[in-house]
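> This structure is in C-alpha cells; I'll ask about it shortly.
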Amino acid sequence: MLFELRDVGLARSGRQVLDSVSAEIPVGATAIVGPSGAGKSTLLRLLNRLADADSGAVAYRDRPLAEYDPLELRRRVSLVPQLPALLDGTVASNLSYAAELAGIELERDRCLELAGLDPGFAERDVSKLSVGEQQRAMLARALAQSPDVLLLDEPTSALDHAARDAIEATLAELRGELEISLVLVSHDPEQAKRIADWVVRMEGGRAVAAGPLERVLA
Amino acid sequence: MSASIHVALWQVAASLVLVAIAIAISRWRQADLERDIAVATVRSIVQLTLVGYAIKLIFEADTIWLVLALLSVMVLFGALTARSRAKNVPGAFWPLLIALSIAAATTLGLVVALGVFEPTPRYLVPVGGMVIGNAMTASAVALNRLGDEVGDSRARIEATLALGATAREAALPIVRRSLRSGMITLVDSTKTTGLIFFPGTMVGMLLAGASPTDAVRLQLILLYTLLGSVAIAGVLATSLAYRNFFTPAQQLREPAEVPT
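Those protein sequences? They're chains D and B, same order as listed.
Using our numbering, the first residue of the first sequence is number 1, and each one after it goes up by one.
Using our numbering, the first residue of the second sequence is number 219, and each one after it goes up by one.
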C-alpha cells in the first residue's frame, strides 16, 4: 500500500474535521471525493505531514509517517495546493528553487512540457500568468522535484472547462509517462471517474467508502 | 557643555493646549483616538516625572549598578509594550525581551568601548533610554508586520513548506520584509535629518544653549548608535519570533492553535 490510515482523528477549533478515518490508498491514481467540509483537503495535508493527526496512525509505504523526516517526505510526496501560490520571480526561478530543495538537477523544459507549458514560459514573471497557467506552473514546480507521489488538492477548481480538461489530460499523460502515483481531492465524482482507478469517499469527516472506482462510484 | 535652562510648570501646562487641539481633531474627524491621547498625556506626565526623580537619584548615587537596574526595567517595559502591538505574533514577549536586551547591551557596550561616551550615568541613562525606545518601536513595527504577513501569506508559506523547504526558508521573504519595515522609518528619518526635521537631541541641546557644532556632533553619534540598535533588535526579534508560527515538524500552525 502507498498510504494506510487507521482510525485517524483531527480536531480544529473544537470541530472534529476527521473522525476515525480508516482507508487504504494504493499505488496508482486515487481520488478523494465528497462534499465541501467533508475533510478531504485536511486528509490530503496529513499525507505529506503539512499537518499531523491528533490520533490514529498514517503509514507511507508500510512505515509510519512519523518515522519520516518531514522535509524528505515532502520532497517525495509533493502537494499541489488548491490555489496557486508561487514564489515571486519567474517560472524558472520557482522550478530551480524546488529542484534545489530536492537536491536534483533541474530538467526545466521537460517539467514545463509535462505540465503542459511551452518552454517559453520559463522566463515569464509568475505575477503575469493567468490562474490556469499558474496552476500549471505549480504542477511543473512539483514535478521539478521528481516526486514519487503527487497530492493534488482540487487542481481544477479555479479553472474554466477548457483549462480543466487540459489539466486532466496532462494528469493522464503524467501517469502514462512517469511512474508517479496521484492522490487527487475532488468534489466532482465525474472528475474522479475520468482520472482515478481507486476512490476514497468522505462524508462529515469520515471515510464512508474506499475501494476500486467501479465499486465506490458505480 | 551648556548653561542649564529653567522650565516652569506653567509653561508645561500651557503646552497642553496642543494636546487639546489633538483631541479636538480626533473627535472632529472621528479618529477615535481621544482616549488614547488622554491616556498618553497622563502617562507621559507620570512616567517622565518618576523617571526624572529616578534619574536625579541615579546621577547623585553615581553608581553603574543603578544605571543597569534602570535600563533593565526599561527593557522589560519596552518588551511588554512592543508585545501589545504585535498581537498576531504568538509568544512575542521572549523574542522582544532578548532583542531589546542584546540591542541595548551591544550598542551601549560598543559606544563605551570605542570611547564615544564615558561609562557614567549622565551618558548611559539618556542614551540607553533612546536606544531602548527606538529598538522597541522598530521591533514592534517589525513583529506587527510579521504577524500580518504570515496571516496574509499562509497559502504561499504552506506551498513552500510542501516542497520540503524548512520553516526558515519558507518564512525568509516575510522575515526580510518585516525587518525592513521595522528599520525603514529610522533610515528614512536619518536620510532627511536636518533637511525636513531637527532631531530631538539637537533641539534639546540648542534650546539648552549648547553650541550648534556640539549639538550636531552629538546628534550624529546618537543617530548612528540608534541605527545599530534598531538593526540588532529588528533582526533578533524577527529571527526569533517567526519560529513560533511553526511546529518542530516544520508545519505552519493553525491560527486557532497559536498560543498567545
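Glycine included, each C-beta is placed from N, C-alpha and C at the ideal position.
Should W246 of chain B go down as buried or exposed, given a rule of 16 or more other Cβ atoms within 10 Å for buried?
Exposed is the label assigned to W246 of chain B, since fewer than 16 other Cβ atoms lie within 10 Å of its Cβ.
> Within 7 Å (strictly less), CB to CB, does P70 of chain D reach chain B?
yes
> Do you know offhand how far L397 of chain B's Cα is from A142 of chain D's?
30 Å
> Span of the alpha helix (DSSP H) holding L463 of chain B?
In the sequence as presented, Leu is not what sits at residue 463 of chain B; that position holds Phe. Segment: none, F463 of chain B is in no alpha helix (DSSP H) and carries neither H nor E.
> Which residues in the same chain have their Cβ closer than 7 Å to the Cβ of Y460 of chain B, if we skip the five residues on either side of it in sequence?
L364, A389, V393
> Quick check: Q468 of chain B and L50 of chain D, are their CB atoms within less than 7 Å of each other?
No; because the gap between Cβ atoms is not below 7 Å, this pair is not in contact.
> Expressed to the nearest angstrom, what Euclidean distance is found between the alpha-carbon atoms of M219 of chain B and K409 of chain B?
Its pLDDT being 41, under 50, M219 of chain B is placed unreliably by the model, and nothing is read from it.
> With a CB to CB cut of under 6 Å and the five nearest residues on each side skipped, what residues in its chain are close to L249 of chain D?
Summary: the structure shown does not reach residue 249 of chain D, with chain D confined to residues 1 through 218, and so no result is reported for it.
> What residues in the region 380 to 400 of chain B have a beta carbon less than 9 Å from any beta carbon of chain D?
A380, L381, G382, A383, T384, E387, P391
> For P212 of chain D, does the three-state DSSP call read helix, strand or coil?
In this structure, P212 of chain D counts as strand in the three-state DSSP scheme.
> Can you give the beta carbon distance from P84 of chain D to Q135 of chain D, rounded, assuming they're within the 8 Å contact cut?
5 Å
> Could you compute how far the alpha carbon of L106 of chain D sits from the alpha carbon of L441 of chain B?
Our two residues, L106 of chain D and L441 of chain B, have alpha carbons roughly 48 Å apart in a direct line.
> What are the boundary residues of the alpha helix (DSSP H) that includes F277 of chain B?
For F277 of chain B, the enclosing alpha helix (DSSP H) has its first and last residue at 252 to 279.
> How many Å lie between K305 of chain B and L112 of chain D at the Cα?
42 Å
> Going along the chain, which residues of the region 34 to 53 of chain D sit with their C-beta nearer than 7 Å to a C-beta in chain C?
Here the protein chains are D and B, and chain C is not one of them.
> Give the secondary structure of Q242 of chain D by DSSP, where H, G and I count as helix, E and B as strand, and everything else as coil.
Given that chain D is displayed from residue 1 to residue 218, the structure contains no residue 242 of chain D and the question cannot be resolved.
> Thinking C-alpha only, which one of B:L298, B:G333, B:A321, B:I241 is nearest A310 of chain B?
Comparing Cα positions, the closest option is B:L298.
> Just the chain D side, please: which residues come within less than 7 Å of E367 of chain B by C-beta, in chain order?
Correct list: empty, because the minimum Cβ distance to chain D is about 13 Å.
> Measuring only between beta-carbons, confirm whether R12 of chain D sits less than 7 Å from chain B.
yes
> According to DSSP, is I179 of chain D helix, strand or coil?
The residue asked about is misnamed: residue 179 of chain D is Glu in this sequence, not Ile. The answer is coil: DSSP assigns E179 of chain D none of H, G, I, E or B.
> Secondary structure at T170 of chain D, three-state DSSP: helix, strand or coil?
helix
> Which word fits F415 of chain B, buried or exposed, when buried means at least 16 other C-beta atoms lie within 10 angstroms of its C-beta?
exposed
> Indicate whether D54 of chain D and G9 of chain D have their beta-carbon atoms separated by less than 7 Å.
Closer than 7 Å, so yes.
> What separation, rounded to the nearest whole angstrom, lies between the Cα atoms of I32 of chain D and R201 of chain D?
6 Å
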